[in-house]
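Q:
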Amino acid sequence: MNHVRATFDGAAGGYDEQRRKLIPCFDDFYGTAVALAETSESRPRILDLGAGTGLLSSLLLKKLPEARLTLIDLSDNMLAVAKERFAGRTGIEYVREDYTSYTAEQACDLIVSGLSIHHLTDEGKQAVYRNAYNNLKPGGIFINADQVLGHTPFIDAHYKEDWKRKIEASGLTRAELDAAYERTRIDRMAGLAEQLVWLAQAGFSDVDCVYKSYNFVVLFGRKA
121 MNHVRATFDG AAGGYDEQRR KLIPCFDDFY GTAVALAETS ESRPRILDLG AGTGLLSSLL
181 LKKLPEARLT LIDLSDNMLA VAKERFAGRT GIEYVREDYT SYTAEQACDL IVSGLSIHHL
241 TDEGKQAVYR NAYNNLKPGG IFINADQVLG HTPFIDAHYK EDWKRKIEAS GLTRAELDAA
301 YERTRIDRMA GLAEQLVWLA QAGFSDVDCV YKSYNFVVLF GRKA
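Here the sequence shown is numbered in this note's numbering, starting from 121 and rising by one per residue.
1) Going by other Cβ atoms of all chains shown within 10 Å of its Cβ, with 16 needed for buried, is residue 342 buried or exposed?
2) DSSP three-state call for residue 243: helix, strand or coil?
3) Which residue wins for smallest C-alpha separation from residue 193, given the options 185, 334, 308 and 202?
4) May I ask you to report which of helix, strand or coil DSSP gives residue 173?
5) Going by DSSP, which residues form a beta bridge with residue 339?
6) Only counting the same chain, and skipping five residues up and downstream in sequence, which positions put a Cβ closer than 8 Å to that of residue 162?
7) In or out: residue 245 buried (at least 16 other Cβ within 10 Å) or exposed?
8) Between the alpha carbons of residue 271 and residue 310, how many angstroms are there, rounded?
9) Hey, residue 267 and residue 336: beta-carbon distance below 8 Å or not?
10) Pick out whichever of 230, 333 and 191 has its Cα sitting closest to the Cα of residue 378.
11) What residue range does the beta strand (DSSP E) around residue 190 cover?
12) With distances taken from CA atoms, which of 243, 172 and 168 is nearest residue 223?
13) Would you mind reading off the limits of the alpha helix (DSSP H) that contains residue 365?
14) What is the DSSP secondary structure of residue 167, counted as helix, strand or coil?
15) Could you tell me if residue 322 is buried or exposed, where buried requires 16 or more neighbouring beta carbons within 10 angstroms of its beta carbon?
16) By Cβ distance below 7 Å, which residues in the same chain neighbour residue 324 in space, the five residues on each side in sequence not counted?
17) Starting from residue 275, trace the beta strand (DSSP E) in both directions and tell me its first and last residue.
18) Between the stretch 275-287 and the stretch 229-239, do three or more beta carbon pairs fall short of 8 Å?
19) May I ask you to report which of helix, strand or coil DSSP gives residue 151?
20) To which residues of the same chain is residue 300 closer than 8 Å at the C-beta, ignoring the five residues directly before and after it?
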């Protein structure tokens, strides 16, 4: 995991500014993840896996302003940006740790992840899904907004070409584009169908892909 940490330590400074340009479906992608974050708790406990700069957490707080958040990430620099983002706000914990085997001190109402789990091996993804299930309260929800492989080599190549065409026209500088392409070298995406099976095998009910735009997906599972 050291190469992942180093990559995102280096990218932390301009990460948020580039998100809208690097994620062509930004509003629907993150908007779906937030819309799925339903809970009857007034002060829900939320665990954000691979939280990075806290982007997804910041969007969740607009919906659930009293939430108590734990942001976990490997990158010190990413978490430093998150701390600046949430400066002065209480109820937020920052953990610099590998989240694949993290055990929450108290069971969570919501566990979320945004564009992080696709950096793990298939075995790592399955471990995260099992761990998320174990860290949730009964009735708790897991939401993974991430990227997947196309289900055939032709479809996967089409996804990649579409993304490249869109970001090349986004206004990003050549240096920003080159850095984005370099970051894709650490991607270890898996297929959508396989991951829905892995979520069910981890114990989740009502497993679904609620949103999909090319290789950007939002996956859902509930701990019955």
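Quick reminder that beta carbons are idealized off the backbone N, C-alpha and C, glycines included. In this text, all values refer to a predicted model and were calculated from it rather than measured experimentally.
A: Working from what's here:
1) buried
2) helix
3) 202
4) coil
5) 264 and 329
6) 186
7) buried
8) 9 Å
9) yes
10) No information on residue 378 is available, as it lies outside the stretch 121 to 344 that the chain covers here.
11) 188-193
12) 168
13) Missing from the structure shown is residue 365; the chain here goes from 121 to 344 and no further.
14) strand
15) buried
16) 253, 262, 341, 342 and 343
17) Segment 273-288 is the alpha helix (DSSP H) holding residue 275; no beta strand (DSSP E) there.
18) no
19) helix
20) 138, 142, 287 and 292
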